[in-house]
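Here is the structure we will look at.
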Amino acid sequence: MTNVLIDRKDKIGIITVNRPEQMNSLNSKTRTEMAEAFEKLGNESGISTIILAGASGKAFIAGADIKEFLKLDLETEKDLKKDWIVTEIIENLSKPVIAMMDGFCLGGGLEIAMSCDLRIASNRTKLGQPEINIGIIPGAGGTQRLTRLIGEGRAMEMILTGRMIKAEEALQYGILNFVFDPKELEIKTMEIAKTISEKSPYAIERAKRSIKSVSNMKLKKGLQFERKMFLECFNSEDGKEGITAFMEKRKANFKGK
């Protein structure tokens with residue numbers, strides 16, 4: 023693995039997205055490596071809890087790699103599901119996953135964070151689903167998991183405006199579980215991970231499965247519908263124009279088709 027690092031501290035596994043020069047944005051290679059890393063730690067008997075972090079303090083994960091969008095050939099829901107399978111791997115792990123967020127957490131980055139069980143951020147973290155700005159919508163669970171976390175009204179406002187919110191606002195909304203000073207973030211996150219790791223793995227797994235069952239019965243159908251809507255946007259004229267305009271650093275000329 024080159025874009026993802028794995029570390030272990032006692033019973034805690036740490037996965038770090040290591041693309042600081044690209045603000046830890048996710049291309050297909052990085053998403054594949056992340057999926058492999060989570061499966062690896064998920065199968066290690068000595069690991070009880072997993073932390074997901076981003077290298078450097080500028081970004082947790084600043085979203086998908088927009089440059090790659092121009093090369094991606096996404097036609098079917100199966101293609102999109104496979105490309106972002108990491109979110110489902112995280113959600114379905116028997117072990118708790120904590121997103122330790124410092125810096126920008128946007129688009130696909132927020133979608134991955136929302137697939138984690140707990141989200142702990144520094145007070146300089148900014149979050150958002152800005153896909154609407156380039157003529158597409160969240161396609162890796164953003165419309166589904168965000169709505170389940172904060173309700174339809176707030177999710178609608180965040181996704182339709184594409185605006186970023188600060189950590190304190192995200193805490194009030196219910197996206198985040200804790201907010202700390204950047205200097206305390208790692209220490210506090212490790213403390214919480216250690217507390218969880220001291221519990222019964224058997225009970226932790228069943229608690230997680232039981233809590234997830236509340237919404238997961240409807241989530242699968244919701245994710246399927248979201249992928250369908252994303253692909254319609256991604257392959258539309260407006261979608262192509264929005265992505266191209268972003269890369270060319272100009273205002274997009276949307277035509278509604």
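Residues 23 to 279 (the numbering used here) make up the sequence shown, in order. Yeah, the Cβ is synthetic: ideal placement off N, Cα and C, and Gly gets one too.
Looking at the DSSP output, Cys-138 bridges to nothing.
Thr-71: member of the beta strand (DSSP E) spanning 71-76, first to last residue. In this structure, Phe-200 sits away from Ser-144, with a CB-CB distance that is not shorter than 8 Å.
Judged by pairs of C-beta atoms under 8 Å, the region 26-39 touches the region 62-69, as three or more such pairs exist. When only Cα atoms are considered, Leu-171 and Glu-43 end up about 31 Å apart. Of all C-beta pairs linking the region 158-177 to the region 212-227, fewer than three are shorter than 8 Å, placing the two stretches out of contact. Lys-216: member of the alpha helix (DSSP H) spanning 204-219, first to last residue. Per the C-alpha coordinates, the member of Ile-83, Gly-79, Ile-28 and Ile-154 positioned closest to Ile-69 is Ile-28. The closest CA to that of Leu-182, considering only Pro-223, Leu-115 and Gln-151, is found on Gln-151. Relative to Lys-148, the option among Lys-210, Ile-156, Gly-184 and Ile-226 whose CA is nearest is Gly-184. Annotation for Met-56: Val-26 and Val-108 place their beta carbon closer than 6 Å to its own, counting only its chain and skipping 5 residues before and after. Within the DSSP bridge table, the entry for Phe-200 names Ile-142 as partners. Taking 8 Å as the upper bound for CB-CB distance, Leu-140 and Gly-164 are not in contact here, some 18 Å apart. Looking at the DSSP output, Met-251 sits in no beta bridge, so it has no partner there. C-alpha of Phe-252 to C-alpha of Glu-213: approximately 38 Å in a straight line. Taking 8 Å as the cut-off, the beta carbon of Ile-83 is found no closer than this to the beta carbon of Thr-211. Shown here for Met-186: same chain residues with a beta carbon closer than 6 Å to its own, the five before and five after excluded, namely Lys-148 and Gly-150 in chain order. Annotation for Met-45: Lys-80, Ala-81, Ala-84 and Phe-126 place their beta carbon closer than 7 Å to its own, counting only its chain and skipping 5 residues before and after.
Annotation: Lys-230 to Pro-118 spans about 8 Å, alpha carbon to alpha carbon.
Using a 10 angstroms sphere on the CB of Gly-129, the tally of other CB atoms reaches 16 or more, which defines it as buried. Listed in chain order, the non-local C-beta contacts of Glu-259 below 8 Å within the same chain comprise Lys-277 and Lys-279, local neighbours out to five positions each way being set aside. Rounded to whole angstroms, the gap between the alpha carbons of Leu-245 and Gln-166 is 7 Å. If you ignore the 5 residues before and after Leu-193, its C-beta comes within less than 7 Å of the C-beta of Val-201, all in its own chain and listed in chain order.
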